[in-house]
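In this text, residue positions in the sequence shown follow the working numbering: the first is 1, and each later residue adds one.
Glycine included, C-beta positions come from ideal geometry on N, C-alpha and C.
What follows is one structure encoded as C-alpha cells, with my remarks underneath.
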Amino acid sequence: MKGHATIPWSSNDEWSQVFIFIKKIDKLYGGKLEIVSDMAIKIQQKFEKISESIDMVCSQTCVQCKDICCLRATIWYDLKDLLYIYFARKTFPESQISKKMQKNKRKSCCWFSEKGCTLSRLDRPFVCTWYFCPVQKKYLARYHHELKQTFDQALMEIKILRNKIEEDFIRLSIS
C-alpha cells in the first residue's frame, strides 16, 4: 500500500459511525449473523496458530532491517479487519491506524515502537500479518521452509474467510 493512499474512516466521527453501524447491524440481525461470528472465530484461531512463529521470524529479521515496513508503509483497518475484530474479539479498535512523527522526524504507524508493534497480532490489520518482506521470505526459505508452507496455507485460508465474512455480513445486513 504505497504512495499517498486515502485512509478510510480517518476522522474520529467517521470512525465512530463505522462502529455504530456494525454494532447496530449486529443488534438488528444478531441471530442471522452467527455465521459471521463463527468465521471470525475461525480467523482468530488461524491467527493464534501462526502468531508465535511469525513473531519469531520478525525477531530474527526486523531488528536488523534498514527499511522497516512500519515506517514506510501506509496501512489501515479495512472492513474485513473490523468485522473480524468485532465479531471474534468482541471489541473495536480505538481508532483507525494513523501515522505519527518519530524522534528521527520520520512518520510511522501509530502503533510502532522501538520494540516493534504494540498491538497484539490478533488486533492488527491483516496486511501486517500476511506481508512478508524479501528478507523474511529469504530467511524462511533458508531456515524454515516447512514453516513458510504452513504460513502460506493459513494465510490463504484466512484470506478466503475474510472475503466470506465481508460478503456474508453485507448480504445478511441488506436482506
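Neighbour-count burial assignment, residue i, 16 or more Cβ in a 10 Å radius
i, result
"Tyr-143", "exposed"
"Arg-63", "Sequence inspection shows Val at residue 63; the Arg mentioned does not correspond to that position. Flag for Val-63 reads exposed."
"Pro-8", "exposed"
"Asp-81", "buried"
"Leu-33", "buried"
"Glu-114", "exposed"
"Ile-174", "exposed"
"Arg-106", "exposed"
Secondary structure of residue i, DSSP reduced to three states
i, result
"Met-1", "At Met-1 the pLDDT is 43, less than 50, meaning the model places this residue with poor confidence; the figure from the coordinates comes in the next sentence. DSSP places Met-1 in coil when its eight states are reduced to three."
"Ser-11", "coil"
"Phe-92", "coil"
"Lys-66", "coil"
"Ser-16", "helix"
"Cys-133", "coil"
"Ser-113", "strand"
Cα-Cα separation, residue i to residue j
i, j, result
"Gln-136", "Ile-35", "35 Å"
"Ile-165", "Leu-155", "15 Å"
"Ile-170", "Lys-103", "42 Å"
"Ile-160", "Lys-49", "17 Å"
"Tyr-131", "Met-101", "23 Å"
N-terminal and C-terminal residue of the beta strand (DSSP E) that residue i is part of
i, result
"Ser-51", "Note, Ser-51: premise wrong, no beta strand (DSSP E); alpha helix (DSSP H) at 34-61."
"Lys-107", "107-109"
Residue i, enclosing alpha helix (DSSP H) - first and last residue
i, result
"Ser-98", "No alpha helix (DSSP H) holds Ser-98; DSSP gives it neither H nor E."
Taking 8 Å as the threshold, find out whether the stretch 66-77 comes into contact with the stretch 37-47 through three or more Cβ pairs.
-> With the cut-off at 8 Å, the stretch 66-77 and the stretch 37-47 do not touch.
Three CB pairs or more closer than 8 Å across the stretch 18-32 and the stretch 116-131 = Contact between the stretch 18-32 and the stretch 116-131 is absent: fewer than three C-beta pairs spanning the two stretches fall below 8 Å.
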